[in-house]
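Structure first, commentary second.
Residue numbers (this note's numbering): 18 to 472.
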């Protein structure tokens, strides 16, 4: 995963304190002794448990009639066959439909404009353009400190590039696609096990931190000799190095014992070897393994912000032994006029919603405090189009899952009434505690939050 952080003088000053010997602690899951009597807050300070933010992405939207539409916002979500797996989580999520995406004269770059405008609050002006940071990174800037990783990005689709987190067009974050590689990164030698009887800092980590610190100190004189443009490029490079230095510092601190943080078993080699083969069965298997690893990484407080991709925005996934991908089928398969859907496209859509339901199963299976990990998450599940056959970008289906630590009401079908879809992104930022009054550009700019879902 690329490490992309904003360049600020205050962050440089904070890093100097760390390099000068300031203490950094390891954030880990919370034991009963850390919590109050109800398990809802930290015992020492009364502060609530941290709320994590995540996204879950699938490509190609929904078939028509995937759920019963609502003309106004109502309690209760009526799912139909394609989305039926979400019924078991209907009290832990909100369905948001009826929001528009005005393009202000720009073209609809198919399978691109939808996800970019939805996540960035700005319409792309050209194919492959990403005009503003995605909402996950804005939230990570606000809440992502104090953990080993600012964000974690994984994809079951097999392509590291097909991730939906970016600072800008040239700053797209790559995802981890191999369960084995992700396991090694999360729980390999650099992971500090809080339940290990004897803690001893790894000499290799100590050496790396020492060398890196010396290198960064020596770089100050070098920076003075550069022009403005080169200083900007080098500052971005050193910002990434500072994040690495912080991660190394965390590994040198002894964490408190914590029975809630259970190191999972390493995945089988076959799961990693097949991730480049985009067969639906492999995607489902890889997603399940990555989901379990990711949930424990989040529970172990290695990050507060994460992104999971099920299938990519071009639907490059096929069923075993078949040639046509999900994407091609949306254009080529004939409609079943009685059912008002394309039968094979429907099966792919159902598999995607089955995947989302399974991801929520995994997150809700992890107990935390008096609830679950899902209760302490806000998960934005979304896609890039409404009905892929006609590439519509209005009324893109969005789901907000989890309870956000009690900050979000759930079980609602919210009809946007034609308002800009950026109301969803602004609401997420407010729920996550950000001090922001408006979000988006041009016709997508809004200052209206979804008060009906805010607790």
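Quick reminder that beta carbons are idealized off the backbone N, C-alpha and C, glycines included.
Predicted model, so just to flag it, every value in this text is computed and none were measured.
Just the C-alpha distance for residue i and residue j, rounded to the nearest angstrom, thanks.
i	j	result
residue 330	residue 242	44 Å
residue 280	residue 165	16 Å
residue 297	residue 334	6 Å
residue 97	residue 175	29 Å
residue 452	residue 345	43 Å
residue 307	residue 198	10 Å
residue 390	residue 143	39 Å
residue 156	residue 375	25 Å
residue 107	residue 380	15 Å
residue 299	residue 245	48 Å
residue 461	residue 139	7 Å
residue 447	residue 436	18 Å
residue 83	residue 416	13 Å
residue 465	residue 120	19 Å
residue 359	residue 163	48 Å
residue 196	residue 403	30 Å
residue 456	residue 472	21 Å
residue 405	residue 247	43 Å
residue 76	residue 177	15 Å
residue 282	residue 109	29 Å
residue 350	residue 127	19 Å
residue 424	residue 101	26 Å
residue 454	residue 340	48 Å
residue 355	residue 124	34 Å
residue 208	residue 411	44 Å
residue 167	residue 161	5 Å
Report yes if the C-beta distance between residue i and residue j is below 8 Å; otherwise report no.
i	j	result
residue 337	residue 153	no
residue 470	residue 431	yes
residue 372	residue 304	yes
residue 369	residue 69	no
residue 66	residue 385	yes
residue 311	residue 171	yes
residue 357	residue 81	yes
residue 301	residue 73	no
residue 347	residue 332	yes
residue 392	residue 420	yes
residue 463	residue 440	yes
residue 190	residue 183	yes
residue 99	residue 363	yes
residue 141	residue 130	yes
residue 93	residue 428	yes
What does DSSP give as the partner residues of residue i in its beta bridges?
i	result
residue 172	326
residue 418	110 and 396
residue 311	Answer by DSSP bridge pairing: none, since residue 311 is not bridged.
residue 180	Residue 180 is not bridged to any residue.
residue 437	117
residue 70	322 and 395
residue 432	114
residue 353	358
residue 189	183
Alpha carbons only, please: which of the options is nearest the one belonging to residue i?
i	options	result
residue 409	418, 117, 454 and 247	117
residue 433	421, 149, 422 and 413	413
residue 317	169, 417, 440 and 185	169
residue 438	71, 122, 108 and 137	137
residue 91	111, 83 and 365	111
residue 426	173, 78 and 444	444
residue 89	115, 103 and 183	115
residue 343	163, 365 and 322	365
residue 79	125, 183, 367 and 419	367
residue 400	134, 458 and 167	134
residue 295	326, 283 and 320	326
residue 309	378, 328, 355 and 75	378
residue 202	314, 93, 145 and 104	314
residue 149	132, 285 and 128	132
residue 328	398, 428, 354 and 187	398
residue 188	145, 423 and 207	145
residue 442	208, 284, 467 and 411	467
residue 104	454, 423, 422 and 418	418
residue 284	200, 124, 173 and 422	200
residue 192	207, 173 and 208	173
Using beta carbons (cut-off 8 Å, strictly below), is residue i in contact with chain C?
i	result
residue 89	The chain inventory of the structure shown lacks chain C, comprising one protein chain alone.
Am I right that residue i and residue j are in contact with their C-beta atoms under 8 Å? What's the rounded C-beta distance?
i	j	result
residue 180	residue 147	Rounded, the Cβ-Cβ distance is 12 Å, inconsistent with contact.
residue 71	residue 383	Residue 71 to residue 383, Cβ: 13 Å. No contact.
residue 159	residue 449	7 Å
Mind checking whether the beta-carbon of residue i lies closer than 7 Å to any heavy atom of the ligand ATP?
i	result
residue 168	Judged by which ligands are present, the structure shown has none, so any question about the ligand ATP falls away.
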